[in-house]
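*Asks:*
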Amino acid sequence: MPTLENSASSAPAEHQPKLFELLATTYQACSASLAKLGEPEAAWIAADRAINAGERAGDPLMMAAGAFRLGFVFLRARHFDQAEETASMR
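Shown next, in the form of structure tokens:
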């Protein structure tokens with residue numbers, strides 16, 4: 001992950017959106033896996049980073065997918081208020 005993060009950040013501007021999209025997708029997969037492994041805190045961090053990478057990609061769909069993942073993590077961790085807040089984000 002650190003290599004991909006560094007590559008996305010240091011790439012020429014025209015390549016950054018695709019690299020950050022890849023990073024967002026990777027973080028979403030990590031979040032899903034970590035949640036299934038019973039690691040809600042790590043899954044939470046990965047989902048948050050997925051949203052951030054989607055934002056840096058300029059891709060609202062990637063941001064929404066990350067928010068969905070974050071909401072799912074909150075539900076599994078029984079943080080219902082935070083799940084509701086995440087679901088109502090615009």
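In full-length UniProt numbering, the protein residues as written are 1 to 90. Backbone N, C-alpha and C fix where the C-beta goes; we use that ideal spot for every residue, glycine too. Because the structure is a prediction, the values reported are computed rather than measured.
Specify the secondary structure class of Arg78 as computed by DSSP and reduced to three states.
*Replies:* In the sequence shown, counting from the first residue as 1, residue 78 sits at position 78. Arg78 falls in the coil class under three-state DSSP.
*Asks:* Leaving out five residues before and five after Ser31 in sequence, what residues of the same chain have Cβ atoms less than 7 Å from its Cβ?
*Replies:* For the purposes of this step, residue 31 is taken as residue 31 along the sequence shown, with counting starting at 1. Hits under 7 Å: Ala43, Ala46, Ala47, Ala50, Arg69 and Val73.
*Asks:* For Pro12, does the three-state DSSP call read helix, strand or coil?
*Replies:* Here the question's residue 12 lines up with position 12 in the sequence shown. In this structure, Pro12 counts as coil in the three-state DSSP scheme.
*Asks:* Since Gly54 is in the alpha helix (DSSP H), which residue starts that stretch and which ends it?
*Replies:* To locate residue 54, count along the sequence shown from 1; it is residue 54. Unbroken alpha helix (DSSP H) run through Gly54: Pro40 to Ala57.
*Asks:* Nearest by alpha-carbon distance to His79: which of Ala57, Glu41 and Ala29 is it?
*Replies:* In the sequence shown, residue 79 corresponds to position 79, counting from 1. Answer by Cα proximity: Glu41.
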